[in-house]
Amino acid sequence: MEENETVPLNFEVTAKNVLSNNIKLTPADTGDKTMELYFNTIMRVGERLKQQAEIKLNNEHDKALQRKVEQLLEEKNKVLNEKIRPVERAKYEKNLAVVVDEFNNFKFAKAKQCIKMNIMNKCKKEIENNSIMLGRCLKNILKMSAEKLEREMRNEFYYQMKIARSELYEEFMDEKRECKLCWEKKLKTVKEKNDRELKHLKVSMEAEYIQNLTELHHWYEIQKQKIILEKLNMNGTKS
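If you're matching positions, the sequence shown starts at 2 in the working numbering and goes up one per residue.
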């Protein structure tokens, strides 16, 4: 081949043409400068391909790690929504119902019974007092009109009963407030207990989640090192 002769495109000095024996290399083609140029080109291409492969591998591992983290979060939320939160809610409602029933069935009934007994005692005492007053007034019944005496006694009796009812109502309201305070105190105790249990459960689940995430990260680093070592071994074997 003459120096000024044009070499066809498919017969240029390339690694593919040399390996497929499409051309035969001459001493001019295998000189130090010529081979150094092709060697540097091949090394740059190989280094670029290696970097692209590492980037792709890291992206795949990052996506796998992200999917694993998302899966753990979904499982955690699923456990909270399906098992823990309904149970805690049921326990809270059950304890609340117990407190309300206790208030309605015992405290309120006791308060009503006390009010009833107080009213009966007040009425009995008023009747006794009025009976005594009637007995004393009988001495003067001849001096007074029976109608006038009856009206005065009736008015006095109604007035005393009104005072008694007012006093009993105040006592009832005091007892009602005490019962309400007792009920609110028990309700607060139940709520604080449930909050403490839920907080403890949340802390334990977060600790378990952090441990799983740490183990997953450790596994990812080990797999990454294994793949890099395998790539290096494969490159060394090919060389």
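Each residue gets a CB set at the ideal place from its N, CA and C atoms; glycine is no exception. None of these values were measured; they are calculated from a predicted model.
Residues of the same chain with a CB within less than 6 Å of the CB of Gln161, apart from the 5 flanking positions on each side, are Glu127 in chain order. Cβ contact annotation for Lys177 (same chain, cutoff 7 Å, sequence separation greater than five): Ala112, in chain order. Our two residues, Lys92 and Glu129, have alpha carbons roughly 54 Å apart in a direct line. The C-alpha of Asn78 lies about 36 Å from the C-alpha of Ile229. With respect to the C-alpha of Cys183, the residue from Phe107, Asp63, Glu75 having the closest C-alpha is Phe107. Sequence-distant partners of Met121 (beyond 5 residues in either direction) whose C-beta falls short of 6 Å from its own C-beta are missing from its chain. Contact check for Leu188 against Val100 passes: the beta carbons are separated by less than 8 Å. In this model, Glu231 and Leu58 are separated by some 13 Å (Cα to Cα). Put simply, the backbone Cα of Lys163 is about 19 Å away from that of Asp175. Judged by their CB atoms, Asn96 and Val191 are nearer to each other than the 8 Å cut-off.
With three or more CB-CB distances shorter than 8 Å, the segment 58-74 counts as touching the segment 216-228. Distance from Leu73 to Tyr210 at the Cβ level is roughly 6 Å; contact confirmed, criterion being Cβ atoms closer than 8 Å. The segment 147-178 is shown to contain no whole beta strand (DSSP E) run of 3 or more residues. Looking only at Cys115, Val46, Met235, the smallest Cα-Cα distance to Glu172 is reached by Cys115.
Here Phe158 really is in contact with Asn131; their C-beta atoms are around 6 Å apart, less than 8 Å.
Asp63 and Gly47 have their C-alpha atoms roughly 24 Å apart.
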